[in-house]
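Working notes, structure below.
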Amino acid sequence: MQPALIVHGGAWDIPDEAVSACNEGCRNALAAGWPILVKGGSALDAVEAAVIVLENDPVFDAGFGSHLNRDGNVECDAIVMDAATLRAGAAAGLRRIKNPIRLARKIWEDCPHMMLAAEGAERFAQKSGLPLCDPADLISDAEHVAWLQCREDQHAAIHHRGHEQGTVGAVAMDREGRLFAATSTGGTCCKLPGRVGDSPLIGCGCYADCEAGGVSCTGYGEAIMKIIMAKTAADFLRRDPLPGETEIAAAKRAAQDAVDLLARRGKGTGGLILLDRNGNSGFAFNTPRMAYGYVNSDGAFVTAV
Ligand code: ASP
Numbered sequence: 207m208q209p210a211l212i213v214h215g216g217a218w219d220i221p222d223e224a225v226s227a228c229n230e231g232c233r234n235a236l237a238a239g240w241p242i243l244v245k246g247g248s249a250l251d252a253v254e255a256a257v258i259v260l261e262n263d264p265v266f267d268a269g270f271g272s273h274l275n276r277d278g279n280v281e282c283d284a285i286v287m288d289a290a291t292l293r294a295g296a297a298a299g300l301r302r303i304k305n306p307i308r309l310a311r312k313i314w315e316d317c318p319h320m321m322l323a324a325e326g327a328e329r330f331a332q333k334s335g336l337p338l339c340d341p342a343d344l345i346s347d348a349e350h351v352a353w354l355q356c357r358e359d360q361h362a363a364i365h366h367r368g369h370e371q372g373t374v375g376a377v378a379m380d381r382e383g384r385l386f387a388a389t390s391t392g393g394t395c396c397k398l399p400g401r402v403g404d405s406p407l408i409g410c411g412c413y414a415d416c417e418a419g420g421v422s423c424t425g426y427g428e429a430i431m432k433i434i435m436a437k438t439a440a441d442f443l444r445r446d447p448l449p450g451e452t453e454i455a456a457a458k459r460a461a462q463d464a465v466d467l468l469a470r471r472g473k474g475t476g477g478l479i480l481l482d483r484n485g486n487s488g489f490a491f492n493t494p495r496m497a498y499g500y501v502n503s504d505g506a507f508v509t510a511v
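With the first letter of the sequence shown counted as 1, position 68 gets the number 274 in the working numbering; the numbers rise by one all the way through.
Structure below.
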């Protein structure tokens with residue numbers, strides 16, 4: 207199989223001054239994941255490597271630099287899903303995990319359950335050999351200042367550089383045809399403590415089925431949950447192409463139809479990236495901008511905001 211990789215850094219009103227950092231972040235994520243696939247490594251390793259780079263980049267809302275909740279704490283969610291088995295590993299409400307996607311992977315690998323939350327998830331992390339960090343290590347200066355401004359004034363996107371969302375995700379297919387999707391987020395800014403959005407929920411923020419494709423979503427979680435957007439997009443990938451339509455065009459149409467449904471029935475904004483079961487990529491968003499990147503058929507990295 208020809209390997210394939212697509213990543214995103216969130217669908218939001220990305221201001222002009224953040225565009226180059228978002229492009230660079232997506233390029234760095236491709237640079238972390240793509241060599242793994244080229245050398246014959248696994249799609250799981252590739253999505254994990256790409257998402258770790260995005261989590262570590264404070265321009266995105268995941269891992270370090272996540273939005274703070276109303277109490278001034280970071281609470282992260284992450285998921286990884288295996289298209290072959292439909293098994294996922296997901297974790298929510300994490301306050302002491304530097305790279306939440308690593309814990310999602312451990313849950314996928316070693317846990318009898320598919321999703322763990324909060325303190326129990328962190329206990330599982332420790333048992334699996336993942337160190338816990340100080341919660342303060344996840345807080346960037348920019349997000350702390352934004353939180354202080356929201357507290358003094360009222361919560362407003364303007365305090366977050368127009369940055370209401372900014373989840374990250376990756377979908378990869380390796381030479382063996384294995385397909386994995388992953389999503390990681392700090393959630394929405396000034397959320398209530400304990401709020402969990404779409405991102406770590408199977409079918410909402412992430413889905414992968416080798417009979418359809420793999421999907422990672424971003425956007426307003428409460429709306430994405432209403433239309434189970436990742437599973438909905440995957441189901442659109444099951445449709446036969448229209449007469450004369452290429453597989454690539456059909457993948458793009460599946461992405462667009464899911465985002466149209468998000469607007470029409472979910473009354474929300476967001477976006478998604480996907481690979482169909484043959485590795486054709488697609489993406490769509492109805493926000494002013496989305497940060498994304500993918501690898502062309504000639505191996506060139508394409509990023510855009
Ligand atoms: N979907 C995420 C959430 O609602 C936010 C985002 O995509 O930026 O938690």
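Think of the CB as a built atom: it goes at the ideal place given N, C-alpha and C, for glycine as much as any other residue.
Within its chain, find whatever has a CB closer than 6 angstroms to the CB of Ala457; leave out the 5 residues flanking it on each side and keep chain order. Counted from its first residue, the sequence shown places residue 457 at position 251. Short of 6 angstroms from the beta carbon of Ala457, and not among the five residues preceding or following it, lie these beta carbons of its own chain, in chain order: Asp482, Asn486 and Gly488.
Does at least one heavy atom of the ligand ASP sit under 7 angstroms from the Cβ of Tyr413? Position 207 of the sequence shown, counted from the first residue, corresponds to residue 413. Tyr413 Cβ: outside cutoff for every heavy atom of the ligand ASP.
In the DSSP output, which residue or residues are listed as bridge partners for Met496? On the sequence shown, residue 496 is found 290 positions in, with the first residue counted as 1. Met496 pairs with Ala217.
Span of the alpha helix (DSSP H) around Ser226: Position 20 of the sequence shown, counted from the first residue, corresponds to residue 226. Counting along the chain, the alpha helix (DSSP H) containing Ser226 begins and ends at Asp222 to Val244.
When we look at the beta-carbon of Met379 and count the other beta-carbons within 10 Å, is it buried (16 or more) or exposed? Indexing the sequence shown from 1 puts residue 379 at position 173. Answer is buried; the Cβ neighbour count reaches 16.
Does the Cβ of Glu451 have 16 or more other Cβ atoms within 10 Å, making it buried, or fewer, making it exposed? The count along the sequence shown starts at 1 and reaches residue 451 at position 245. With fewer than 16 Cβ atoms within 10 Å of its Cβ, Glu451 is classed as exposed.
In the structure shown, what three-state DSSP assignment does Val421 receive? Within the sequence shown, numbered from 1, the residue matching residue 421 stands at position 215. In the structure shown, Val421 sits in a strand (DSSP, three-state: E or B).
Contact under 8 angstroms by Cβ, Ala331 with Leu309: Position 125 of the sequence shown, counting from 1, holds the residue named residue 331. Position 103 of the sequence shown, counting from 1, holds the residue named residue 309. It is a contact, given that the beta carbons lie within the stated cut-off.
Under 7 angstroms: does the beta carbon of Ile479 sit that close to some heavy atom of the ligand ASP? As a position in the sequence shown, residue 479 is number 273, starting the count at 1. Flag unset: Cβ of Ile479 not near the ligand ASP.
For Thr509, the first and last residue of its enclosing alpha helix (DSSP H): Position 303 of the sequence shown, counted from the first residue, corresponds to residue 509. Note, Thr509: premise wrong, no alpha helix (DSSP H); beta strand (DSSP E) at Phe507 to Ala510.
Check for me: the beta strand (DSSP E) holding Leu398 runs from which residue to which? As a first step, residue 398 must be located in the sequence shown, where it is residue number 192. Note, Leu398: premise wrong, no beta strand (DSSP E); not H, not E.
Checking the sheet assignment: what are the DSSP bridge partners for Met287? Mapped onto the sequence shown, residue 287 falls at position 81. Bridge partners of Met287: Ala294 and Ala387.
Would you call the region 388-397 in contact with the region 222-241, where contact means no fewer than 3 C-beta pairs closer than 8 angstroms? no
Can you check DSSP and say which residues form a bridge with Met321? Taking the first residue of the sequence shown as position 1, residue 321 is located at position 115. DSSP links Met321 through a beta bridge to Ala296.
Buried versus exposed call for Asn305 [16 or more other C-beta atoms within 10 Å across all chains shown]: Translated into positions along the sequence shown, residue 305 becomes position 99. The residue is buried, with at least 16 neighbouring Cβ atoms inside 10 Å.
Does the distance between the C-beta of Thr373 and the nearest non-hydrogen atom of the ligand ASP fall short of 7 angstroms? The residue given as residue 373 occupies position 167 in the sequence shown. For the ligand ASP, at least one heavy atom lies less than 7 angstroms from the Cβ of Thr373.
Taking the alpha helix (DSSP H) that Asp267 falls in, what are its first and last residues? Taking the first residue of the sequence shown as 1, we reach residue 267 at position 61. Per DSSP, Asp267 belongs to no alpha helix (DSSP H) and is neither H nor E.
Just curious, the beta strand (DSSP E) that Gly476 is in, first and last residue? To locate residue 476, count along the sequence shown from 1; it is residue 270. Counting along the chain, Gly476 sits inside the beta strand (DSSP E) bounded by residues Gly476 to Asp482.
For the putative contact between Phe507 and Ala217, defined by C-beta atoms under 8 angstroms, what is the C-beta separation to the nearest angstrom? The residue given as residue 507 occupies position 301 in the sequence shown. The residue given as residue 217 occupies position 11 in the sequence shown. Phe507 to Ala217, Cβ: 20 angstroms. No contact.
Closest by C-alpha distance to Gly335, when choosing among Ala352, Ile313, Gly419 and Leu344: Residue numbering aside, residue 335 sits at position 129 when the sequence shown is read from its first letter. Nearest to Gly335 by C-alpha distance, out of Ala352, Ile313, Gly419 and Leu344, is Ile313.
Member of Gly474, Gly505 and Leu480 whose CA lies at the smallest distance from the CA of Pro494: Walking along the sequence shown from the start, residue 494 turns up at place 288. Answer by Cα proximity: Gly474.
Could you tell me whether any non-hydrogen atom of the ligand ASP is closer than 7 angstroms to the CB of Gly472? Here residue 472 corresponds to residue number 266 of the sequence shown, with the count starting at 1. Checking every heavy atom of the ligand ASP against the Cβ of Gly472, none is found closer than 7 angstroms.
Any chance the region 401-408 sits against the region 440-447, with 3 or more Cβ pairs inside 8 angstroms? no
Through-space distance from Asp263 to His273, alpha-carbon basis: Counting from 1 along the sequence shown, the entry for residue 273 is found at position 67. Counting from 1 along the sequence shown, the entry for residue 263 is found at position 57. Rounded to whole angstroms, His273 to Asp263 spans 13 angstroms at the Cα level.
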